[in-house]
Amino acid sequence: MEGRMKEYEEEEEVFYSPEHMEATDEENGVICSNECNNKEQKKKIDHLRAIVEKQDPACKDVDDFTLGRFLLARDLDVEKASAMFMKYVKWRRMFVPKGLILESEITKQIAHNKVFMQGTDRKGRPIAIIFGARHVPCNENIDQLKRFAVFVFDKLSSRTPHGEGKFTILADLKGYGYSNNDVRGFIPILSILQNYYPERLGKLLFIHVPYIFLTAWKIINPFIDKNTKKKIVFVENKRVEATLLEEIYESQLPEMYGGKLHLVPIQDA
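Here it is as structure tokens:
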């Protein structure tokens, strides 16, 4: 799996980190907090810290929340978590050398007006809404698309609540067609999400899904790890309204879905 992912990553890709947010995860029996009640879990985090700080002293500024997410993503295997984290550090320094992605770096992607952010789900997690029909494939250079993805993930990560650390993505594919299909672009975005934002995705909801996207998904699916797959839901058309209300309070839904909020472009959120 990882080998196939690498084919779609730049070799010089994970330090300023958006992980300074007080974000964490308490699922699967792991509590990544500064006052971890489980001594064994805290011991693993301390062990992980010792390894990464030895490799890079700058890692001393990384909090337990962040290390805990990487540890959870590797099923509490300290050695695997340290390798994953150091890869992230290297990527972050090289791909985001200024510490953040500037809007001037992603003007074409912003102009498509395809990603919005406002409101929270019932767990208090920030929501991003993506309109797939507005996506224009990058036939030559996907670098700006990848930077746009980092811009979106960083902004969402910065809004995650303490004790939760995750965000929700609602992908609306109404009107999506052949001209929007972009397997070459979608796979690197998933790679970035899985490798460099572990345990950030709370749920990914696909609504109004056309057949053409499902054909592309068959190609994308093998590149998705098992933990991420558990968080992906394809909603039946007849269940869209009910599902959205199960996940999100009406007061936090955009008006177009029967809620009360106006859509806010990601760059203005």
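As numbered in UniProt numbering, residues 1 to 269 make up the sequence shown, in order.
Here a beta-carbon is modelled for each residue, glycine too, at the ideal position from N, C-alpha and C.
Using a threshold of 8 Å, state whether the C-beta atoms of residue i and residue j are closer than that.
{"i": "G185", "j": "L145", "result": "yes"}
{"i": "I266", "j": "V115", "result": "yes"}
{"i": "G119", "j": "I127", "result": "yes"}
{"i": "G202", "j": "K123", "result": "yes"}
{"i": "S158", "j": "Y197", "result": "no"}
{"i": "E199", "j": "L72", "result": "yes"}
{"i": "L253", "j": "L205", "result": "no"}
{"i": "D154", "j": "L67", "result": "no"}
{"i": "D121", "j": "E236", "result": "no"}
{"i": "A149", "j": "N181", "result": "no"}
{"i": "R134", "j": "N113", "result": "yes"}
{"i": "L190", "j": "I219", "result": "no"}
{"i": "T228", "j": "Q194", "result": "yes"}
When the Cα atoms are used, what is the spatial distance from residue i to residue j?
{"i": "H262", "j": "V233", "result": "24 Å"}
{"i": "V136", "j": "K42", "result": "45 Å"}
{"i": "M94", "j": "F223", "result": "24 Å"}
{"i": "M86", "j": "V52", "result": "7 Å"}
{"i": "G132", "j": "M117", "result": "15 Å"}
{"i": "I192", "j": "D225", "result": "12 Å"}
{"i": "L48", "j": "E79", "result": "8 Å"}
{"i": "F151", "j": "V183", "result": "20 Å"}
{"i": "K238", "j": "I207", "result": "10 Å"}
{"i": "D268", "j": "L102", "result": "13 Å"}
{"i": "D61", "j": "V240", "result": "43 Å"}
{"i": "K108", "j": "N38", "result": "47 Å"}
{"i": "S251", "j": "V264", "result": "15 Å"}
{"i": "P161", "j": "I106", "result": "27 Å"}
{"i": "V96", "j": "D143", "result": "12 Å"}
{"i": "R125", "j": "I187", "result": "24 Å"}
{"i": "Y249", "j": "C138", "result": "35 Å"}
{"i": "E40", "j": "A58", "result": "25 Å"}
{"i": "A111", "j": "R147", "result": "14 Å"}
{"i": "K54", "j": "I212", "result": "49 Å"}
{"i": "G165", "j": "N141", "result": "32 Å"}
{"i": "M256", "j": "R74", "result": "39 Å"}
{"i": "K230", "j": "A242", "result": "20 Å"}
{"i": "D104", "j": "S82", "result": "Rather than Asp, the amino acid found at residue 104 in this sequence is Ser. The alpha-carbon atoms of S104 and S82 are separated by roughly 33 Å."}
{"i": "I45", "j": "S179", "result": "46 Å"}
{"i": "G163", "j": "K260", "result": "27 Å"}
Which residues share a DSSP beta bridge with residue i?
{"i": "F206", "result": "A171 and F234"}
{"i": "I129", "result": "F116 and L170"}
{"i": "L201", "result": "F167"}
{"i": "L244", "result": "Partner(s): none; L244 has no beta bridge."}
{"i": "P265", "result": "F116"}
{"i": "P254", "result": "L261"}
Just confirm the distance between the C-beta atoms of residue i and residue j, as a whole number of angstroms; I'd bet it's less than 8 Å.
{"i": "M84", "j": "F70", "result": "5 Å"}
{"i": "V209", "j": "L244", "result": "Rounded, the Cβ-Cβ distance is 14 Å, inconsistent with contact."}
> Can you list, in chain order, the stretches of the beta strand (DSSP E) that have 3 or more residues and sit fully within the region 55–123?
Replying inline: 115–120
> Fully enclosed by the region 141–185, which alpha helix (DSSP H) runs are 4 residues long or longer?
Replying inline: 143–158
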